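This report refers to the structure that appears directly beneath it.
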Amino acid sequence: MIAELFTLPGFVALAPLLTAVLVAFVADAALAAWLVIGGATAAFALACALPWQQGAGQLLLVDPLSAHMALLTSFVGMTTSWFSRGYIAVEQQAGRLDGPRLRQYHALFLAFLGFMLLSLLANNLGVTWVAIEAATLAAVIVVGLPRTAEAVEASWKFFILCGVGIALALFGVFVLYLAALPVLGPGLPAMTWSGLAQAAPQARGTLLNLAFVFLLLGYGTKAGLAPLHTWMPDAHAEGPTPVSAVLAGSILNVALVAILRTRSLLAANAEAIPPGPPLMALGLLSLVLAALSLWRRRDVKRFFAFSTVEQSGIAAFAFGLGGPPAVFAGVLHMTAHTLIKSAIFQCVGRAAQLKGGQNFADIAGLVVSHRALGLTLAAAIAAIAGLPPFGLFTSEFLIVMETARRQPILSVVLGFGLVVSTWALATRLIDLCTGTPTPDRGPAPGRLALVPAWLHLAVTLLLGLLMPATVVAWLSGIAVSVR
Amino acid sequence: MTPRIAYGAFSYDLAHLLGAAVLVLSFALLYQRRITSIIGFYAVQSVLLAVAAAWQGWVQDSTHLYITALIAFAAKGVAIPVALRNIVFRLRIERSVDAALGVFPTMALGVGLATLSILVVLPTTVESQTLTREDLALALSVVMLGLLSMITRRSAITQVIGFMSMENGLILAAVGLPGMPLVVELSVAVLVMVAFVVFGVFFFRIRDQFDSLDVSHLDRVGGTHR
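Protein sequences, first through last, are from chains D and V.
Note that my numbering has the first sequence beginning at 21, numbered continuously upward.
Note that my numbering has the second sequence beginning at 1014, numbered continuously upward.
As structure tokens, then:
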């Protein structure tokens, strides 16, 4: 089983993990930053070959869904590592991060990325679980790195809530194994996603139900679904920005993918409860709660963390709706959201360094004083609000249409949440980007610092405007394979 | 697959007894007030878990369960409690801890949760072996009680123990499942260690910041309303 790690899909996860080990021993901060870039870029380069490497082993599973998610996560990891180099240099000059902590930061960033990739590509449920847990631990330490009272509170909350969530998910994994046991017999195959997919129709429905409850609660905590989302705003607000950028988009994808796979298992079994309604309920609750919460936020990063809760809710709702069109829209939604949200956090991080604070009161008039940064942030906020021509508009449009067709009453709630949140985002867009500029208290970012954000926005623009036929075919393939 | 452990056999009775003993210790953990005795009860629970795992290894004839038992004994029964005691004495916090709920409501809630777990697990697992079913029900009760003790305690160190006793419940579930692959148990055990290291870091940081291990101080910083 271990030998599978040394195949191409295994190296996608191994590249950042091995580099993380290396970086932990490198004292020179500049060299470490370059190594991080090297590790993350190598992971993306290897992930590009994943669509042609499909297959299921005992340890790794490369199907359209995992290949897509690994590609997306490694892309965001790569661009964020580019961004991180400049950002961290400013933090270092300001004295907020020093020698040993800087080394921890670099190594943990890569470890976080590597474990997320491993959990996406893992076939064995135990390995998925271990990788999610390890990624969580890495993230917890990074969030606590600034060692301010707020950061300690945030990482403690993050750890306790996600730790409990993950423990519940592990119980769900055991129950799934028990469900597959009569069909597949004892041993590794009963612990694999591919094995479970075959065994699901004959497995006992009640056991699948029990497993689903635990996995939904457990991984739902990681996905930031309400009412289990409370760790998310703190963790996003207090941790170093590059980690928020990856955290915001990617860790919830990892959890949502696990939920989506569990959902398919239940959907394939006639005896089990339909998994859609609980997922849709949690999704709508997250959407509405987050949309209303957006109005009360004073901290910019916290504000966008709530927007992440909202988007996670929309994706969960789409998966709950089920059927290829809704899953297509859900996966597109996750993709566009991940790209846009990390672009936002990159801009916000730079803006917070520039203005010396991350409250809305500190940041105003960005377009007037710093044209490039302000316009990029404005575009990214418009994109996350689901305005055309960006990709999130396409996915939200598809989800609303599909809801109106199949569950007309729910489309009222969905529409309410979307309008309220878009309104809040538009109001804050005006606050941040226009008006009288607030005084600068830090260094302004160069054009180069914005390149990753531009790249992300360009990809989402492509998804919104053009939607090439190959991308449609690829996403449809995922939707069909998930069922 | 023929059940190796038939209802009424000695091996069944002992396995059942050990599982139940782990659950009883979860109840004991719920009402303790002194940090040192909480740590002591946790250690006893872990040792019992180790014995339960070893017994399962014997009756299921699977050697890897002995490793699980050894890890449970060495790490959770001895090393972690000793380290926790050291921390407690070094920080001079061996006094009793505040609980958010009194003994009676806590115990009543605990009994309710254990009943709920049994009512949920037993009907859903009719086709599985009797021992697997009951083991799973006991394990779920332990997990639930661990969760409850995390909720009812305010101090960070007791929350940590509640968390670890929850993980004891998970291991109990894992060893009761026939032929569960080794990967999971080992990695769980390793992760408990890792998690503990993380916790250790936390203790000292929280101490640095607030001069106390009471996590309610943390709320002073402001919760979600920012």
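A virtual CB, placed ideally from N, CA and C, is assigned to each residue, including glycine.
Owing to the predicted nature of the structure, the values given are computational and were not obtained by experimental measurement.
Contact set between residue i and chain V, taken where Cβ atoms lie within less than 8 Å
i: D:G303; result: What D:G303 touches in chain V: nothing, since even the nearest Cβ is about 20 Å away.
i: D:V184; result: L1160, M1163, F1176 and M1179
Which listed residue (the options) has its alpha carbon closest to that of residue i
i: D:P262; options: D:Y239, D:T99 and D:L28; result: D:T99
i: V:L1135; options: V:T1171, V:L1153 and V:G1123; result: V:L1153
i: D:D460; options: D:L483, D:L285, D:G377 and D:A290; result: D:G377
i: V:F1040; options: V:M1193, V:M1120, V:M1179 and V:P1191; result: V:M1120
i: D:L285; options: D:L235, D:L140 and D:K242; result: D:L235
i: D:F95; options: D:G484, D:L475 and D:V195; result: D:L475
i: V:L1062; options: V:A1186, V:P1194 and V:T1049; result: V:A1186
i: D:I498; options: D:M354, D:V432, D:I364 and D:F365; result: D:M354
i: D:V162; options: D:R123, D:Y197, D:I180 and D:F191; result: D:R123
i: D:L130; options: D:S431, D:L70, D:A33 and D:L305; result: D:A33
i: D:R66; options: D:D48, D:T93 and D:A243; result: One point to set straight first is that residue 66 of chain D is Leu, not Arg, in the sequence displayed. Among D:D48, D:T93 and D:A243, the Cα nearest to that of D:L66 belongs to D:T93.
i: D:L309; options: D:V277, D:F436 and D:E24; result: D:F436
i: V:V1060; options: V:T1081, V:R1046, V:T1145 and V:I1100; result: V:T1081
i: D:L374; options: D:L393, D:A151 and D:S362; result: D:L393
Alpha-carbon spacing of residue i relative to residue j, whole angstroms
i: D:A338; j: D:I279; result: 12 Å
i: D:R448; j: D:F324; result: 10 Å
i: V:R1218; j: D:L486; result: Confidence at V:R1218 is low in this model, with a pLDDT of 49, below 50, so its placement is unreliable and no value can be given for it.
i: D:F178; j: D:W443; result: 29 Å
i: D:F2; j: D:V56; result: Shown here, chain D extends from 21 to 503; a query on residue 2 of chain D therefore has no answer.
i: D:V387; j: D:R370; result: 14 Å
i: V:L1043; j: V:G1189; result: 24 Å
i: D:S313; j: D:A446; result: 15 Å
i: V:R1098; j: V:I1084; result: 19 Å
i: D:G484; j: V:A1066; result: 55 Å
i: V:I1174; j: D:A405; result: 43 Å
i: V:D1232; j: D:F365; result: Only weak support exists for where V:D1232 lies, its pLDDT of 49 falling under 50; the value from the coordinates is given anyway. Those two C-alpha atoms are separated by around 26 Å.
i: D:E291; j: D:L341; result: 19 Å
i: V:T1015; j: V:K1089; result: In this predicted model, V:T1015 has a pLDDT of only 42, less than 50, meaning its place in the structure is not dependable enough to derive any value.
i: V:S1024; j: D:L227; result: 26 Å
beta-carbon residue i near the ligand ADP non-hydrogen atom, thresh 7 Å
i: D:I404; result: Here there are no bound small molecules, and the ligand ADP is not part of this structure.
Proximity test, Cβ basis, 8 Å: residue i and chain V
i: D:F194; result: yes
i: D:L307; result: no
i: D:T226; result: yes
i: D:A187; result: yes
i: D:L181; result: no
i: D:F135; result: no
i: D:L434; result: no
i: D:G343; result: no
i: D:G377; result: no
i: D:G207; result: yes
i: D:A190; result: Sequence check: residue 190 of chain D is Leu here, not Ala. By this cut-off, D:L190 is an interface position.
Start and end residues, alpha helix (DSSP H) containing residue i
i: D:K10; result: Only positions 21 to 503 of chain D appear in this structure, which leaves residue 10 of chain D out of reach.
i: D:S327; result: V320 to L341
i: D:A219; result: W213 to A219
i: V:V1124; result: V1116 to T1137
i: V:V1101; result: I1093 to L1104
i: V:T1081; result: H1077 to I1084
i: D:T414; result: G411 to R426
i: D:I161; result: L145 to G164
i: D:M252; result: W251 to E258
i: V:S1178; result: A1169 to G1189
Any C-beta of chain D under 8 Å from that of residue i
i: V:Q1172; result: yes
i: V:L1027; result: no
i: V:L1030; result: no
i: V:A1066; result: no
i: V:R1218; result: With a pLDDT of 49 at V:R1218, under the threshold of 50, the predicted position of this residue should be treated as unreliable, and no value is reported.
i: V:L1183; result: yes
i: V:A1085; result: no
i: V:L1153; result: yes
i: V:A1186; result: yes
i: V:V1133; result: yes
i: V:V1035; result: no
Contacts of residue i in chain D (Cβ-Cβ under 7 Å)
i: V:L1190; result: F194, Y197 and L198
Beta-carbon neighbours of residue i, restricted to chain D and to distances below 8 Å
i: V:T1137; result: R224, T226, L227, N229 and L230
Within chain V, partners of residue i - CB distance below 7 Å
i: D:L216; result: In chain order: nothing, as chain V lies at least about 14 Å away.
i: D:F365; result: Residues of chain V passing the Cβ test: none, with the nearest at roughly 17 Å.
Chain-ordered neighbours of residue i on chain D, where CB pairs are closer than 9 Å
i: V:T1145; result: L198 and L201
i: V:V1156; result: A187, L188 and F191
Residues that residue i contacts on chain V, provided the C-beta gap is smaller than 9 Å
i: D:F95; result: Within 9 Å Cβ-Cβ: nothing; D:F95 doesn't reach chain V, min ~28 Å.
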